[in-house]
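Just below is one structure, and these are the notes that go with it.
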Amino acid sequence: MISESTGTGDAGKDVGLTEVPTTLRRNQDPKKKEKPAKATLTHEAPLLEARNLTKKYNNLIALKEVSFELGRGDIFGLIGPNGAGKSTLIKIFATLLKPTYGIALIEGKNIIQDPYYARPRLGYMPDFFGLYEELAVSEYLRFFASAYGIKGKTRERTIDYVLELTDLVVKKDEPVTALSRGMQQRLGLARVLLHDPVLMLLDEPASGLDPRARVEMKELLRTLGSMGKTIVVSSHILSELQEICTKVGIIEKGELLYCGKVEELRNLKRRGDVIQIRVNADETVKLKDHLRRIRGVADILSDDENMVRIRVDEAQTNLSHVASEIIAGGFSLRHFCVEEMSLEELFLKFTRGDVQ
Ligand SMILES: Nc1ncnc2c1ncn2[C@@H]1O[C@H](COP(=O)(O)OP(=O)(O)OP(=O)(O)O)[C@@H](O)[C@H]1O
Ligand SMILES: [Mg+2]
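Its first residue numbered 208, the sequence shown is counted upward by one per residue in the numbering used here.
This is the structure:
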């Protein structure tokens, strides 16, 4: 566990011992980003980089040539089914596992060769973590803060800040066993925030949480991202993370099948050839006849009094042509949009190899 390996090297130095780290201060406006730290030579490198990371367990290839880069403030959703290699990848970044080959770099420095550079800069929350049952919430945090070399008043102030950030102030004197699952997950996050890491590695932080607690967890991650922290967060469910992530990686059987910006994923979601059209309800029947006469409309897929769905032949037509023909036909066009795939559909397409 990272927290146990601190106290060595420069682990304690990274946290200002005289004041609470500025990046831990909650912004008044979570959408407003703090100014990034002044660029230095090392900070110009990607904050996190994987180059051909490969991990073999005997004959099993758990990770296969995984490469990507993340910048400061990126929230990277690592999505994949059970056994895809998510935890393996996160453990390599956390310096707990050595790759068979390939390298990982934080701020341009090789994590594998120089774990003592990496460790104070990262906070790792494993999928399962122990909670030292006999301790109260603040004692639990004090224990870990001490392990990070945070002392005296700074330690107390830092604990207060992380409790506030994770909304656990009212629980600070409660035993950790009295916390609900969602609160325990937030305490896990509070713990990895103590030393103000620039990179947070969160292995399924929302697993086992109810819908409300999942929303709260997402809000918390969004706040941390707005503070400039780079976050790698894994999940089985693409739709769960896409609204807070700046980048997503879809991984299966150790291979990164897709890695890119969420907007690009949205473009991929567009079906391209299925269009939803809505006109006034009393015009729908007439609209269907009209659509059949428009060049490039291949099929009418379904209709109800509110919506007509058509398939167009993309090679023969363009969308503005269809829209202008509808308007030229005297219809009141109320809705016209290219249908999107659900994220689940897209995920299945990726993992079946249907998307290149
Ligand atoms: N210590 C190990 N020894 C042998 N095989 C392992 C070991 N750890 C993981 N594996 C195998 O490596 C593959 C990837 O496992 P990993 O735990 O990284 O997947 P995951 O994506 O985190 O899955 P989950 O969603 O279930 O947590 C799996 O096939 C797993 O069985
Ligand atoms: Mg896992």
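The beta-carbon is built from N, C-alpha and C at its ideal position, and this holds for glycine as well.
Since the model is a prediction, treat every value here as computed from it, not as a measurement.
In chain order, what residues of the same chain have a beta carbon less than 8 Å from the beta carbon of Leu342, not counting five sequence neighbours either side? Phe350, Pro382 and Val383
Those residues which DSSP pairs with Tyr308 across a bridge: Thr261
Name the residue from Lys263, Leu494, Leu285 and Arg279 whose alpha carbon lies nearest to the alpha carbon of Glu251. Arg279
Between Glu411 and ligand 2, is there a pair consisting of the residue's CB and a ligand heavy atom that are separated by less than 8 Å? yes
Using only the heavy atoms of ligand 1, determine whether one of them is closer than 8 Å to the beta carbon of Gly570. Since the first and last residues shown for the chain are 208 and 563, residue 570 lies out of range.
Out of Ser294, Asp417 and Val469, which has the shortest C-alpha to C-alpha gap to Ser442? Ser294
Span of the beta strand (DSSP E) holding Val439? Thr437 to Ser442
Looking at Ile357: is its Cβ nearer than 9 Å to the Cβ of Leu401? yes
Ala301 and Leu260 closer than 9 Å at C-beta: no
Bounding residues of the alpha helix (DSSP H) (the contiguous stretch that carries Gly356): Per DSSP, Gly356 belongs to no alpha helix (DSSP H) and is neither H nor E.
Under 9 Å, do Lys460 and Lys262 count as touching if we go by C-beta distance? no
CB-CB length for Ala354 against Thr365, believed under 8 Å: Rounded, the Cβ-Cβ distance is 13 Å, inconsistent with contact.
Terminal residues of the continuous alpha helix (DSSP H) containing Met407? Segment Leu406 to Leu409 is the beta strand (DSSP E) holding Met407; no alpha helix (DSSP H) there.
In whole angstroms, give me the CA-to-CA distance for Glu551 and Leu464. 15 Å
CB contact flag (Gly435, Val399, <9 Å): no
So Ile484 packs on Val519, CB below 8 Å; how close in whole Å? No, Ile484 and Val519 are not in contact; Cβ-Cβ is about 11 Å, not under 8 Å.
Starting from the C-beta of His497, find all residues in its chain whose C-beta is less than 6 Å away, skip the five residues before and the five after it, and write them out in chain order. Gly536
Please tell me whether, using a cut-off of 8 Å, the distance from the CB of Lys293 to the nearest non-hydrogen atom of ligand 2 is below it. yes
Inter-residue Cα distance where the pair is Gly432 and Asp281: 7 Å
So His155 is in the alpha helix (DSSP H); what residue range does that whole segment cover? Any property of residue 155 remains undetermined from this structure, which presents the chain solely from 208 to 563.
Which same chain residues, not among the five before or five after Thr373, have their C-beta less than 6 Å away from its C-beta? Arg393, Leu396 and Ala397
Distance, Cα to Cα, Ser446 vs Leu472? 11 Å
When every heavy atom of ligand 2 is checked, does at least one fall within less than 8 Å of the C-beta of Asp417? no
Would you report the Cα separation of Val545 and Ile517, rounded to the nearest angstrom? 10 Å
Name the DSSP bridge partner or partners of Gln483? Arg516 and Cys544
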